[in-house]
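For reference, the structure discussed in these notes is given below.
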Amino acid sequence: MEYESWLAKARREITVKNWQAAQSALTAARSIRSTEEVDKLLGDVSEAMKE
151 MEYESWLAKA
161 RREITVKNWQ
171 AAQSALTAAR
181 SIRSTEEVDK
191 LLGDVSEAMK
201 E
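Read left to right, the sequence shown gives residues 151 to 201 (my numbering).
In structure tokens form, the structure reads like this:
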């Protein structure tokens, strides 16, 4: 998949609070293109997983 597809998948997973799937999609997106947006979302997901 392309970066935008992984990012969209991550956003859908975040919406339903599926943190593991969101983290996987964001990691895949970051492997294609590392951006501040992906890094921020990964940080948010990591925090949510701790709760």
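We put the beta carbon where it would ideally sit given N, CA and C, even for glycine.
Exposed or buried, which one is Q170 when buried takes at least 16 other CB atoms within 10 Å? Residue environment analysis places Q170 among the exposed positions, since fewer than 16 neighbouring C-beta atoms fall within 10 angstroms of its C-beta.
Neighbourhood of I164 by C-beta distance below 6 Å, restricted to the same chain and skipping five residues each side: Correct list, in chain order: A172.
Selected residue, minimal CA-CA separation from E154, among D189, A198, A175: Checked all of D189, A198, A175; the closest Cα to E154 is A175.
Less than 8 Å between the beta carbons of L191 and A158, yes or no? No; because the gap between Cβ atoms is not below 8 Å, this pair is not in contact.
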